[in-house]
Amino acid sequence: MSDPLRSFAATPARLRRARESGDYPLSHILLSGGSLIAAGITASAVASWTVTQFSLWLKRALAVDPSFTIREFANGIVPGILLIGSTAAGISLVIVLSQTHGQLLWGPRRHQRTDGARRAFTALFIGATGLSLLVSHSADVIRSSGDISRRLVLIGELGEQLLWHCAVVVALMAIVDLWSGHANWLEQHRMTASEHRQELRDQEGSPEVKRRRKQIAAQLAGAHGLTSPGHRLAISDDDEFCIVLGYDPSRHGAPIVLDHGRGPRASGLRRQAAALGIESVSNSSLTRRLSSVPLGQTVPEDTYAEIAALLVSEDGQG
5 MSDPLRSFAA TPARLRRARE SGDYPLSHIL LSGGSLIAAG ITASAVASWT
55 VTQFSLWLKR ALAVDPSFTI REFANGIVPG ILLIGSTAAG ISLVIVLSQT
105 HGQLLWGPRR HQRTDGARRA FTALFIGATG LSLLVSHSAD VIRSSGDISR
155 RLVLIGELGE QLLWHCAVVV ALMAIVDLWS GHANWLEQHR MTASEHRQEL
205 RDQEGSPEVK RRRKQIAAQL AGAHGLTSPG HRLAISDDDE FCIVLGYDPS
255 RHGAPIVLDH GRGPRASGLR RQAAALGIES VSNSSLTRRL SSVPLGQTVP
305 EDTYAEIAAL LVSEDGQG
């Protein structure tokens with residue numbers, strides 16, 4: 005299996021550990037998308053309310069003293085100030101919320117540089133979108149309206165539309181951020197080939213533990229394996245695999261595997277068993293069932309009867 009396939013195959017274990025540690029992306033994704041949408045809607049509502057209230061106040065002020073100078077000032081400057089101010093208010097609120105709740109909106113703090121660039125891009129994108137909508141849809145309407153009151157009403161309506169458009173843009177960005185955040189999270193938690201090998205080593209145990217395990221197996225099997233006391237029996241599989249069993253009622257409650265081997269090693273075991281006077285039998289099915297038993301371990305319980313019959317037969321022949 006190639007390294008990428010090993011890495012991909014090991015991903016579920018990494019994800020499982022992340023879930024157990026509480027670092028699961030679902031809550032982050034929901035909070036990220038929900039917070040962005042809430043920020044856009046809140047910015048739209050606050051800025052629209054501000055524009056409308058200021059427009060009504062200015063309308064009343066001009067009605068009290070509708071002098072030529074004030075009217076000219078309003079016609080030339082106030083609409084631009086209101087539009088720029090409402091857009092800036094919405095963008096500023098989104099940025100403030102992003103900075104305050106950066107953990108919810110943009111992810112872990114270790115990516116602050118990237119997050120800062122993303123926040124700046126978000127602000128510029130929202131501002132550019134709002135200004136483009138304003139220029140393309142409202143410039144001609146405001147210019148063609150000669151009455152200052154009518155202009156102020158249009159300013160309030162267009163400001164509200166502008167900020168709701170920004171809310172839609174933010175919501176779309178939240179959806180994209182949801183997908184990209186989940187993809188980045190999976191990439192960060194996907195195990196590399198070295199991590200996969202380390203996990204396999206951890207599961208199998210350290211070399212010291214494995215050496216100690218072999219020492220214990222050798223002690224259980226006896227100092228010289230085949231020369232241990234008790235009943236001994238060599239079972240082979242058509243010259244391909246050989247297993248030597250030993251059974252000492254005073255030491256073990258069931259037969260144990262003294263030694264086993266395949267190919268040339270099996271031939272050597274059969275010759276050694278013959279030299280020591282150990283009975284050899286051929287039993288392919290039993291050999292296959294015992295081939296996975298480690299050295300020094302007892303045989304599976306479902307093989308007791310068959311092995312007992314072979315041992316009794318060996319004793320009878322002896």
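Under the numbering used here, the first residue of the sequence shown carries the number 5, and numbering increases by one thereafter. Ideal placement from N, C-alpha and C gives every residue a C-beta, glycine not left out. Here the structure is a predicted model, which means the values were calculated and not measured.
Within the same chain, Ile239, Thr307 and Glu310 come within 7 Å of Leu290 by CB-CB distance, once the 5 residues on both sides are set aside. Contact check for Asp241 and Ser271: beta-carbon distance about 12 Å, past the 8 Å limit, so the pair fails to qualify. Beta-carbon to beta-carbon, Leu262 and Val285 are separated by about 15 Å, too far to satisfy the 8 Å threshold.
Ile260 is positioned such that its CB atom lies closer than 8 Å to that of Thr302. In the displayed model, Arg194 falls within coil according to three-state DSSP, outside both helix and strand. In the three-state DSSP reduction, Ala238 falls in the strand class (E or B).
Nearest in C-alpha terms to Gly250, of all of His200, Gln192, Glu283 and Leu176, is Glu283.
About 6 Å separates the Cβ atoms of Arg274 and Cys246, confirming a contact at the 8 Å cut-off. For the stretch 284-311, there is no continuous beta strand (DSSP E) assignment of 3+ residues that stays within its boundaries.
Arg266 is bridged by DSSP to Phe245. In the structure shown, Gly257 adopts coil according to DSSP, grouped into three states.
By a beta-carbon distance limit of 8 Å, Glu244 does not contact Arg269. Their separation comes to about 11 Å. Here His264 is near Val248, since their CB atoms are less than 8 Å apart. Close CB contacts of Ala277 within its chain, under the 7 Å cut and outside five residues either way in sequence, are with Leu230, Ala238, Val248 and Ser284 (chain order).
Listed as beta-bridge partners of Gly272 by DSSP are no residues whatsoever. By the beta-carbon neighbour count (other beta carbons within 10 angstroms, threshold 16), Gly257 is exposed. Note that the C-beta distance between Arg292 and Pro304 is not below 8 Å.
Sixteen is the threshold: since fewer than 16 other Cβ atoms of the shown chains lie within 10 Å of the Cβ of Trp183, the residue is exposed. Looking at the DSSP output, Gly250 shares a beta bridge with Arg236 and Ile260.
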